[in-house]
Every structure is written in structure tokens, then in C-alpha cells.
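Sequential numbering of the sequence shown, starting at 20, is according to my numbering.
For each residue, glycine too, the CB sits at the ideal point set by N, CA and C.
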Amino acid sequence: MILQQTTVSLSATAYQVAWEHLALPAMPIVLYVPAEGTHPEERELVRRSAWAELRALGAAGRRGLEPWFAGALRLLARPRRSIDLRFGIGRNAVRGLTAAGEDDAVLAERAGGTVRLRPVGPGTLAEQIVGLLPPHPPGPGSAVSLPVDDVDAAAHDAGGALLPIADHLRGGGVPAEALRALAAMTEGILRRGRFGAALRDGRGRRRRLARGVAVHDTPAGRYLIAAHRAGDPPRTTVGPADPATLAGHVRALLDEPA
Numbered sequence: 020m021i022l023q024q025t026t027v028s029l030s031a032t033a034y035q036v037a038w039e040h041l042a043l044p045a046m047p048i049v050l051y052v053p054a055e056g057t058h059p060e061e062r063e064l065v066r067r068s069a070w071a072e073l074r075a076l077g078a079a080g081r082r083g084l085e086p087w088f089a090g091a092l093r094l095l096a097r098p099r100r101s102i103d104l105r106f107g108i109g110r111n112a113v114r115g116l117t118a119a120g121e122d123d124a125v126l127a128e129r130a131g132g133t134v135r136l137r138p139v140g141p142g143t144l145a146e147q148i149v150g151l152l153p154p155h156p157p158g159p160g161s162a163v164s165l166p167v168d169d170v171d172a173a174a175h176d177a178g179g180a181l182l183p184i185a186d187h188l189r190g191g192g193v194p195a196e197a198l199r200a201l202a203a204m205t206e207g208i209l210r211r212g213r214f215g216a217a218l219r220d221g222r223g224r225r226r227r228l229a230r231g232v233a234v235h236d237t238p239a240g241r242y243l244i245a246a247h248r249a250g251d252p253p254r255t256t257v258g259p260a261d262p263a264t265l266a267g268h269v270r271a272l273l274d275e276p277a
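Printed below as a string of C-alpha cells:
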């Protein structure tokens, strides 16, 4: 494993300096950290401080970055498969990425001014990224499955807001019981987020998958919204989200075509 079963927590500044040192392509947006230091003198002080931190952490030595740490950053920059998470806003926002190569995988989380990296199994990307969510119980009720086109049209009419979707679905042939369940599961949203995924083909071209899995918390509990395009007709599922159920839907993102 590239990280040798070690979790590393470093400042966002040290992470950015290490990324720049390796001349890697643009950072994943969920892990983006701007460079500090406007003037050359300021930038040099930032670099010196960052390298001192990296050496203290064992992530760098006399000859530069340690191979395991450089390998982890390179994997984040060019993974074969990846799943990202954006959840919440402000100080309590969660941003993370699981990235896998052929044999290795890494989980990265950015929280405030800290970036954390740790090795994970290549087959556990979904479970690891779901594990970054703050604890919240699954909401009550049962999952509701509706045609994707109906939900998309209702969401468009509702201006993207979740709560009015049930109102815009009325009269469209959706059973009243399903509408009541949908309204209950989207009432009083406290925070929300989304999982997305990307694949890299044999030529190294990155392909961002169009689908995602949305997740939101209400006072009653946590719920997910996931579209399944493979059905006939394609359907959207809205339902309670325990970690295992949520991981199953997130894992499916990498199994279906874009």
C-alpha cells in the first residue's frame, strides 16, 4: 500500500506546496487549496514552513518527498476510479475523495485548514467516502421509486428545491401515498450534499459520470436520492439512508455507463 497503513494529517498549505513540487495537474475541486504568498519573498517563507512540516511528519526527507507520500498525491491527481463528496456548507462542510489505481487506493478529506490522507482498499471506495459523512440516523419511512423523467420535470418546475417536488408531481399519475412519503422525506432539510464519480479510460482520459447520488439530512433522519438509468423506464429512488444502503447506491455509480 502506498501509505503503508498510515494516516497523515497535514496543513492545507503543506499539501499545496507538495502538490506544486510534483508539478501535478489541477487539484480535484473537492481538495483544491489556493497557493499562499503573493510576493516571491512571502512565497519562499510559505515553502520553507511547509517543507519543515512535511519533514516533521515523515512525509519528506533530505532528498524531497518520501515515495509513499508522493505516490499518494499522484494517485489523487490521476486515479483510474474516484468518488467525491461535497456535503454541507460553511465551517462544518465535508469535502472528500476516494481514488483508486490498479492496486492501491487512498482516501483524502479536507476539513478547514487540514488535509487528511489514509490508505484504503481499492474495493472499498464507496464505504470509505460514505464514512466521511457526520453521524445521522436514517430517516423513517420506506423508499419511493418514481420515473426519472417525472422527477426531473417536477424538480425543474420547483426551481431545484426538494420540498415542492411533491406538489409539482400531483396530477401526474403518482399515487397519493407516494406523494405523502416523498413530502415527508424532503421536509425541513438541515444540510445536503452529493456524491459524484469519475473513470479514466485506457488512453488516460478522465470521464466524469453524469449521474450522482444526493443525500440530505432532516430532523427526522438522513435520506438519499438516486437515479437508475438502466431501468425501463429509468427511475429515481428516494428513501432512508443508512450507511450500507447509501454505500450501495454510491458504489453503483462506477458500475453504470455515464
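Under the Cβ criterion (8 Å, minimum of three pairs), the stretch 202–210 counts as touching the stretch 237–250. Around the beta carbon of S101, a 10 Å sphere encloses 16 or more other beta carbons of the protein chains shown; the residue is thus reported as buried. Among the bridge pairs identified by DSSP, S164 is matched with T256. An exposed status is given to G140, since fewer than 16 other beta-carbon atoms sit within 10 Å of its beta-carbon.
Apart from sequence neighbours up to five positions away, no residue of its chain approaches E196 with a beta-carbon distance below 6 Å. Put simply, of A71, L198 and Q147 the residue whose alpha carbon is nearest the alpha carbon of L165 is L198. R270: member of the alpha helix (DSSP H) spanning P262 to A271, first to last residue.
Note on T117: 16 or more other CB atoms within 10 angstroms of its CB, so buried under the neighbour-count rule.
Looking at I108, A112, P98 and G107, the one whose alpha-carbon comes closest to that of D122 is P98. DSSP places T205 outside both helix and strand once states are collapsed to three, so it counts as coil. Exclusion of the five residues before and after A246 leaves V167, R230, P253 and T255 as the residues of its chain whose Cβ lies within less than 7 Å of its Cβ. With a cutoff of 7 Å on beta-carbon distance, R114 and T26 are scored as not near each other. The shortest C-alpha to C-alpha distance from P47 to any of T237, Y34 and A96 is the one to A96. Of all alpha-carbon atoms in L152, D103, H155 and A69, the one lying nearest the alpha-carbon of S28 is that of A69. DSSP places H235 within a strand segment (E or B) once states are collapsed to three.
Within the stretch 121–157, the complete alpha helix (DSSP H) segments at least 4 residues long are 144–149, listed from N- to C-terminus. Cβ-Cβ separation between A54 and E72: approximately 16 Å, too far for a contact (criterion under 8 Å). Minimum Cα-Cα distance from P156 among the listed residues G131, T143 and P238 corresponds to P238. Judged by DSSP in its simplified three-state form, D103 adopts strand. Here the C-alpha atom of E63 lies approximately 36 Å from the C-alpha atom of R227.
Counting along the chain, L218 sits inside the beta strand (DSSP E) bounded by residues R210 to R219. Straight-line measurement puts the Cα of P194 at about 46 Å from the Cα of R135. If you draw a 10 Å sphere on the C-beta of E60, you find fewer than 16 other C-beta atoms in it, and that means exposed. Residue range P86 to A96 is occupied by the alpha helix (DSSP H) that includes G90. Beyond the five residues adjoining it in sequence on each side, A200 comes within less than 6 Å, by CB distance, of G160 and V163 in the same chain, given in chain order. Assigned with DSSP and collapsed to three states, R199 falls in helix. Taking the CA atoms as reference points, L218 sits about 22 Å from A42.
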